[in-house]
Amino acid sequence: KDVNLLQRFVSDRSKIRGRRVNGNDVQQQRDIANAIKNSREMALMPYTKRVSQTRAGRPPRDGDDRPRRPRDEEAATPPVEAQVEAVETDATDEVEA
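Take the sequence shown: its letters are residues 3 to 99, numbered as in this note's numbering.
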């Protein structure tokens, strides 16, 4: 297998690019995909690559000044400590009796 040729049809994260991006017809894309999968299985190409660059996306919400409303689920559940104490007292009562 020619790994350098197959690298042209793979993204920087080692994902197989789509047929329209590559400019192949259906049969060519199927053959390329099978060749890439075969070369991955033979350990000639990696399944994934890590890209160390940060992606341009949504900014972090650290500087967000909007007030947040608590979720209904968090307000409805009792504190965990109260449940743990009740379990511990039941266990000690059984041991003493």
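Ideal Cβ placement from N, Cα and C applies to all residues, glycine included. Owing to the predicted nature of the structure, the values given are computational and were not obtained by experimental measurement.
Go ahead and pull the three-state DSSP assignment for V12.
strand
Spatial neighbours of N26 in its chain, beta-carbon cut-off 7 Å, leaving aside the 5 residues before and after:
I34
Nearest-angstrom Cα distance between A45 and R73?
48 Å
Looking at R19: is its Cβ nearer than 8 Å to the Cβ of V12?
yes
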